[in-house]
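Everything on this sheet refers to the single structure shown next.
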């Protein structure tokens, strides 16, 4: 299994541009999450999904959108990029039920908005 | 509100010594906790977890202790190695959608 994969690894955007961060998992997990991590800080939840077609806001959703058309994929869309969105973005997934709650993380996408 | 925080943002230890990383949580109803390790430039990696019906759980060179009375969690790493250098996060389970609340992290620096 590849686990959780993210593309691209790095990206530089100009203010006002848009982009989509890709995330895919091959573990058949129902739950998926997007986090951002600012330098020297912990992870903040942006959006999450409990299954295909279902998404919900996390702690810091403003400026982002998500969709979940399949179990495997959970793309994060940035519209009108702003310098405050400069961060490292992590996608994660987890089992539903089975008493296991840990999340499996991808390698991250480092985004700079200038 | 609910929060998970760490007492020490940076911990420097000598190679071969034991390391102890601490974490405080505020929600006394929390019933599941996880420790993650994050190496530079990588995503967090699961280390060990513990449920609230346990006081202690051991893994390979790591032990997690849970003190529910004072809402405190610790991660002990035995015989710390250079490869243990990383940021360590504790996370608190916030069900039912498996959401986790992460602390700010402790940087463990292992000196040769």
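Residue numbers (the numbering used here), protein chains in the order written: chain A, 1 to 114; chain B, 1 to 112.
Heads up, the beta-carbon is just placed ideally off N, CA and C, and yes, glycines get one too.
Only a predicted model underlies this, so the values are computations on that prediction, with no experimental measurement involved.
Residue i: contacting residues in chain B (beta-carbon distance under 8 Å)
i: residue 32/A; result: The premise fails here: residue 32/A is roughly 10 Å from chain B at the closest Cβ pair, so nothing lies under 8 Å.
i: residue 94/A; result: 98
Three-state secondary structure assigned by DSSP to residue i
i: residue 123/B; result: Because chain B here runs from 1 to 112, residue 123/B falls outside it and cannot be looked at.
i: residue 2/B; result: With a pLDDT of only 43 at residue 2/B, under 50, the local geometry of the prediction cannot be trusted, and the value read off the model is given with reservation. In this structure, residue 2/B counts as coil in the three-state DSSP scheme.
i: residue 84/A; result: helix
i: residue 38/A; result: coil
i: residue 19/B; result: strand
i: residue 8/B; result: Annotation note: pLDDT 44 at residue 8/B (below 50); position unreliable, no value reported.
i: residue 84/B; result: helix
i: residue 92/B; result: strand
i: residue 65/A; result: strand
i: residue 25/A; result: strand
Nearest-angstrom beta carbon gap, residue j and residue i [assumed within contact, 8 Å]
i: residue 62/A; j: residue 26/A; result: Incorrect: roughly 31 Å between the Cβ atoms, too far for contact.
i: residue 103/A; j: residue 33/A; result: 6 Å
i: residue 49/A; j: residue 35/A; result: With 8 Å as the limit, residue 49/A and residue 35/A do not qualify as a contact, their Cβ atoms being about 13 Å apart.
i: residue 106/A; j: residue 5/A; result: 6 Å
Contact under 8 Å by Cβ, residue i with residue j
i: residue 79/B; j: residue 36/B; result: no
i: residue 62/B; j: residue 73/B; result: no
i: residue 105/B; j: residue 42/A; result: yes
i: residue 46/A; j: residue 76/A; result: yes
i: residue 21/B; j: residue 108/B; result: yes
Residue i: contacting residues in chain A (beta-carbon distance under 9 Å)
i: residue 104/B; result: 40, 41 and 42
Within chain B, the residues that residue i reaches when beta carbons sit closer than 9 Å
i: residue 105/A; result: 36, 38, 42, 43, 44, 45 and 46
Residues in the region 26 to 43 of chain B having any Cβ partner in chain A nearer than 7 Å: Answer in chain order: 32, 34, 42 and 43.
Contact list for the region 66 to 86 of chain B against chain A, Cβ threshold 7 Å: For chain A, none of the residues of the region 66 to 86 of chain B brings a beta carbon within less than 7 Å of one of its beta carbons.
Interfacial residues, the region 48 to 62 of chain A to chain B, with Cβ spacing under 7 Å: The residues in question are 48 and 50.
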